[in-house]
Amino acid sequence: MNLQLYNTRTRIKEAFLPMDPAHIQMYVCGPTVYAPPHIGNGRPVVVFDLLFRLLQAVYPNVTYVRNITDVDDKINQRALETGRSIQDITTEITGYFHETCAYLGALSPTVEPRVTGHIPEIIQMIQTLIDKGFAYENEGHVLYSVHKFADYGQLSRKNQDELLAGARVEVAPYKENAEDFVLWKPSTAPTPGWESPFGYGRPGWHIECSAMSAKHLGETFDIHGGGIDLVFPHHENEIAQSAACHDAPMANVWMHNGHLSVSGQKMSKSLGNVIVIQDLMHALNGQVVRWGLLSSHYRQPLDWTPELVQTSNAALNRLYTAIESLSDEKWTMPIDLKGVDTEVLTALQDDLNTPAAFARLHELVHSINTAIDEQIKVQLQTTLLNTARFMGFLTDSANEWFRGALSSDAISESEIQDYLDQRHSAKLAKDFKAADEIRDTLKSKGVIIKDTPSGQEWQRAN
RNA sequence: GGCCGGGUGGUAGAGUGGUUAUGCAGAGGACUGCAAAUCCUUGUACGUCGGUUCGAUUCCGAUCCCGGCCUCCA
37 MNLQLYNTRT RIKEAFLPMD PAHIQMYVCG PTVYAPPHIG NGRPVVVFDL
87 LFRLLQAVYP NVTYVRNITD VDDKINQRAL ETGRSIQDIT TEITGYFHET
137 CAYLGALSPT VEPRVTGHIP EIIQMIQTLI DKGFAYENEG HVLYSVHKFA
187 DYGQLSRKNQ DELLAGARVE VAPYKENAED FVLWKPSTAP TPGWESPFGY
237 GRPGWHIECS AMSAKHLGET FDIHGGGIDL VFPHHENEIA QSAACHDAPM
287 ANVWMHNGHL SVSGQKMSKS LGNVIVIQDL MHALNGQVVR WGLLSSHYRQ
337 PLDWTPELVQ TSNAALNRLY TAIESLSDEK WTMPIDLKGV DTEVLTALQD
387 DLNTPAAFAR LHELVHSINT AIDEQIKVQL QTTLLNTARF MGFLTDSANE
437 WFRGALSSDA ISESEIQDYL DQRHSAKLAK DFKAADEIRD TLKSKGVIIK
487 DTPSGQEWQR AN
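Every letter in the first sequence is one number past the one before it in my numbering, and letter 197, counting from 1, is 233.
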């Protein structure tokens, strides 16, 4: 295994050196559950799922922690706006998030901690920071004193003078310095709060990840991931908190996925171009979305377009076509990690080079389609199936992929069969005009007919 | 202003100091009653200007654009 990962902290691709090869530890910043997940939220889900799979393929034991942030002012705001309870909102959105992850073919993380379940740990960590002189109390708030932490800015490569100069926000009166950030803030009903040595209140934004990662992984762990936007201030502040608290580095490798745009524009409510994943579910197979999200390198920006959806769908059609002749039991067999194509593994080990991995899958398809020896062909098909499933694709059988209906108003199989019977008769009678008309009719209903030596076959156009 | 990325053929998108990425779209052909799928053939790319080199898209410098972050954001 020669896994190379780009480390945001050092800004270079490095050989991955686990602290303990017998137990790999990864933490990824999960969602704040205040709004249904959009397509951009799907990217880190899929990217770090792939990394999780890759790590599991090589190391015996991988712990993957992805948190749910269920205490946050955006949630409070939402509750205020809608009149709904906070619990109601966080439960619903967490459910959406889980549906989204399943839809995208992402494995469940090993641990999924929630902020509401870790308030004592958070309070304890804040207390330690106060005791060590890195944090101070003021007007019911606890703040982290950024200038006390010498390495502040190491991840995002910012220096403190510049941060001050760039501060655009009015400095809150309880802050000693403009760059200080909140660890704990006072709460009044109906805003959620907890009793603490610093008064009744709730945690600030960053502390939860420091507390939860420490609890579930330890003071230092191998990989910390998230979206590129989290580099500053979120991860910078996590480092400041954790390193100051534990006198140890928080994580060895910091990985960040690039952002996603929609048809060249930043997703925003005001533009009305936010693509909610729930809305895609009845129109697209989740594998198509997963393929699209992985079709450029994870650190590059990705533009989500109708063309991307179309080509992703076409790519999967091609893969499925190549292995459609495999016997059904192959689809239910567990993934054989030894049967994963080595060139795909090599590509993925190079900092998750998914475009190169996809290219290799297509090469396998081509080898299958040109194979003369039946035994070799089946061997290649098995490799392709294994490899694709290892990456989270070809999870449905070819039959489901080609003939499963995404929406309930799609034409039924028995109707299709009626048309096929009619067409079969027409063809026997050499009435090709009638046969072609039936084919056109079915096409307009989203069904494509293939005439093969063994008879008519059909599949949905998707 | 500060800090980061990026500019590759019609398009999406990897990569490399000299040798085909790959997909999609296009053209021609094979197969087919016609199609679909598949196969064969085909396009000929690396922002601009310098430098290093026998040779640069690939290294160095300059320059012009584009995007992100510095405030909530995956």
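Ideal Cβ placement from N, Cα and C applies to all residues, glycine included. All values derive from a computational prediction rather than experimental measurement.
Note that the C-beta distance between ILE371 and PHE426 is below 7 Å. Residue burial annotation: LEU330 is buried, with at least 16 other C-beta atoms found within 10 angstroms of its C-beta. A buried status is given to LEU140, since no fewer than 16 other beta-carbon atoms sit within 10 Å of its beta-carbon. Counted as a single uninterrupted DSSP element, the stretch harbouring ILE104 is not any alpha helix (DSSP H), since DSSP gives it neither H nor E. Distance between GLU272 and LEU191, taken at the CA atoms: about 6 Å. Excluding sequence positions up to five before and after VAL83, its CB lies within less than 6 Å of the CB of ASN293 and TYR334, all in the same chain and listed in chain order.
In the structure shown, the three-state DSSP call for PRO239 is strand. ASN422 sits buried, since 16 or more C-beta atoms from the chains shown fall within 10 Å of its C-beta. Our two residues, VAL298 and GLY308, have alpha carbons roughly 11 Å apart in a direct line. Judged by DSSP secondary structure, LEU41 falls within the beta strand (DSSP E) whose first and last residues are 40–43. Proximity to ASN389 across SER278, VAL94, PHE170 and LEU87 peaks at LEU87, based on C-alpha coordinates. By the criterion of a C-beta distance shorter than 8 Å, THR418 is surrounded in its chain by LEU362, LYS366 and GLY375, once the five residues flanking it on both sides are discounted. With distances taken between CA atoms, PRO337 lies nearest to LYS302 out of ASP364, PRO285, ASN349 and LYS302.
Counting along the chain, GLN160 sits inside no beta strand (DSSP E); it lies in the alpha helix (DSSP H) bounded by residues 155–167. With contact defined as three or more Cβ pairs closer than 8 Å, the segment 154–172 and the segment 125–142 are not in contact.
DSSP places LEU296 inside the beta strand (DSSP E), whose first and last residues are 296–298.
Counting along the chain, GLU50 sits inside the beta strand (DSSP E) bounded by residues 48–51. Annotated three-state conformation of PHE426 is helix, per DSSP. Taking the C-beta atoms as reference points, HIS242 is found nearer than 7 Å to GLU274. TYR236 is classed as exposed because its beta carbon has fewer than 16 other beta carbons within 10 Å across all chains shown. Cα atoms of ASP108 and ALA276: separation of roughly 20 Å, rounded to the nearest angstrom.
Looking at the DSSP output, ARG79 sits in no beta bridge, so it has no partner there.
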